[in-house]
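Following: one structure in structure tokens, then a few remarks.
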Amino acid sequence: MEPVWFTFLNGSDIAQLDLTDSEILDAVEEGLRAQGSGEAVIEPRVHLRPDPAFNGHFNVLRGYVAPLALAGVKIVGDYVDNYRAGLPSEMALLNLFDPRTGMPVAVLDATALTEMRTGALTALGARHLARPDAKVLGHIGARATSYWNVRLLDRIFDLGEIRVHSRRPDSRKAFAERLERDLGKPVIVTADWRTCVEGADIVVEASRLERPEPLLRTEWIAPGALVVPYGTNSAVELTLTDIMDKIVVDDWGQAHAGPFGALRAHVDSGRLDESRLHAELGEIVAGRKPGRESDDETNLFWHRGLSLSDIALGAAMLRKAEELGVGQKLRFS
14 MEPVWFTFLN
24 GSDIAQLDLT
34 DSEILDAVEE
44 GLRAQGSGEA
54 VIEPRVHLRP
64 DPAFNGHFNV
74 LRGYVAPLAL
84 AGVKIVGDYV
94 DNYRAGLPSE
104 MALLNLFDPR
114 TGMPVAVLDA
124 TALTEMRTGA
134 LTALGARHLA
144 RPDAKVLGHI
154 GARATSYWNV
164 RLLDRIFDLG
174 EIRVHSRRPD
184 SRKAFAERLE
194 RDLGKPVIVT
204 ADWRTCVEGA
214 DIVVEASRLE
224 RPEPLLRTEW
234 IAPGALVVPY
244 GTNSAVELTL
254 TDIMDKIVVD
264 DWGQAHAGPF
274 GALRAHVDSG
284 RLDESRLHAE
294 LGEIVAGRKP
304 GRESDDETNL
314 FWHRGLSLSD
324 IALGAAMLRK
334 AEELGVGQKL
344 RFS
């Protein structure tokens, strides 16, 4: 048997690729289009909780994207207290395989990839569900994915006002400074949730709560706004879904199952079920369902994170690495 080789891209390799905003958005959109066209397989994520004392868990995401001829499994740790040790709260590995033979194709440090694809999902959801003239963003949370939320939303909407808030004053200050440096525009740091989100055109709730707590009040949401909640623990009131004209998810299969998610209480109480959904985002991207249809709509996009987005962005990274001669070839057998 001939030797089998696979590509390994470590964190510094990923950084060398210097993916553009458009490359990230286009790749993630390709995965969504495959999903919406029925050319993908996605299974709900599963979780491993090693020990409650560790205050963290692992997410395991699995999928197949037919147009890319790739299957993939990503394992990502979600450890809220990692900042105390100077570590990212989310660190990940993506494994890509040939779906026809099961042979390994690549292993990627997927930490930055996870941050990028999460921001891309937020931004692509907003592209289809926010008002085209949206200019005011209220963003709760300052974790690594938050940077890409704001950066890619600004790429699409050229935001006129960016407000940010997070639990720790030092984190929100550093977050705002990074955004100001990279986006070249001022960022407003708020001391409370209400000042951050009230009246905003787009509201993103990416908080890091240790337990569910309704800190985002429904009454603060302006008519015609888009709300994007994706925190692990719910920070919204049960009444939030009552004011929505359209509710869109990335994948109902994993939105309605599992212990975590920003709208978990809505699902578990029966307040949100499949009959209340307008669409999955992939259906909108593929042209099978409409996105926003009027300026008056108040919409919600809840995303849990898609293995398909990981695979699609991983494939784009592999292509660019090949072009640039980046990465290592490791022998499998």
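Whatever position you read off the sequence shown (first residue = 1), add 13 for the working numbering.
Just so it is clear, CB atoms sit at the ideal spot from N, CA and C, and this is done for glycine as well.
Since this is a predicted model, take the numbers as computed values, not measurements.
So residue i is in the beta strand (DSSP E); what residue range does that whole segment cover?
| i | result |
| --- | --- |
| GLU218 | 215-218 |
| LEU313 | 312-315 |
| ARG301 | Where ARG301 is concerned, there is no enclosing beta strand (DSSP E), given that its DSSP letter is neither H nor E. |
| HIS178 | 174-178 |
| ASP122 | 117-122 |
| LEU228 | Neither: LEU228 is in no beta strand (DSSP E) and is coded neither H nor E. |
| GLY151 | 149-153 |
| LEU165 | No beta strand (DSSP E) contains LEU165, which is instead part of the alpha helix (DSSP H) from 157-170. |
| ARG344 | 341-344 |
Closer than 7 Å to a non-hydrogen atom of the ligand MG - does that hold for the CB of residue i?
| i | result |
| --- | --- |
| GLU335 | You won't find the ligand MG in this model; it holds no ligand whatsoever. |
To the nearest angstrom, report how far apart residue i and residue j are at their CA atoms.
| i | j | result |
| --- | --- | --- |
| HIS152 | LEU251 | 20 Å |
| GLY76 | VAL41 | 14 Å |
| SER307 | ARG144 | 8 Å |
| PHE59 | THR114 | Here the sequence assigns Val to residue 59, which means Phe is not the residue at that position. Distance between the alpha carbons of VAL59 and THR114 is about 24 Å. |
| ASP264 | VAL241 | 14 Å |
| ILE6 | MET330 | Nothing can be reported for residue 6: it is not among the residues displayed for the chain, which extend from 14 to 346. |
| ASP122 | GLY51 | 28 Å |
| ARG176 | PRO101 | 23 Å |
| ASP205 | ILE234 | 15 Å |
| LEU38 | TYR92 | 27 Å |
| GLU368 | THR20 | Nothing can be reported for residue 368: it is not among the residues displayed for the chain, which extend from 14 to 346. |
| HIS279 | LEU313 | 13 Å |
| GLU296 | ALA147 | 23 Å |
| GLU232 | ALA213 | 12 Å |
| PRO16 | MET116 | 12 Å |
| ASN23 | VAL78 | 23 Å |
Using the three-state DSSP reduction, which class does residue i fall into: helix, strand or coil?
| i | result |
| --- | --- |
| TYR77 | strand |
| PRO65 | helix |
| HIS141 | helix |
| ARG97 | helix |
| PRO182 | helix |
| ALA248 | coil |
| ALA133 | helix |
| GLU56 | strand |
Can you name the residues that DSSP bridges to residue i?
| i | result |
| --- | --- |
| LYS87 | LEU74, LEU107 |
| LYS198 | Answer is none; LYS198 lacks a bridge partner. |
| VAL261 | ALA292, PHE314 |
Between which two residues does the alpha helix (DSSP H) carrying residue i extend?
| i | result |
| --- | --- |
| LYS333 | 320-337 |
| HIS279 | 277-281 |
| TRP18 | It is not in any alpha helix (DSSP H) - TRP18 instead sits in the beta strand (DSSP E) that spans 18-22. |
| ARG207 | 206-210 |
| LEU239 | LEU239 -> not in any alpha helix (DSSP H); beta strand (DSSP E) instead, spanning 239-242. |
| ILE37 | 34-49 |
Within 10 angstroms of the Cβ of residue i, are there 16 or more other Cβ atoms? Answer buried if so, exposed if not.
| i | result |
| --- | --- |
| GLN341 | exposed |
| SER320 | buried |
| PHE345 | exposed |
| PHE188 | buried |
| VAL310 | The amino acid at residue 310 is misidentified as Val; the sequence shows Glu. Buried: at least 16 other Cβ atoms inside 10 Å. |
| ASN72 | buried |
| PHE170 | buried |
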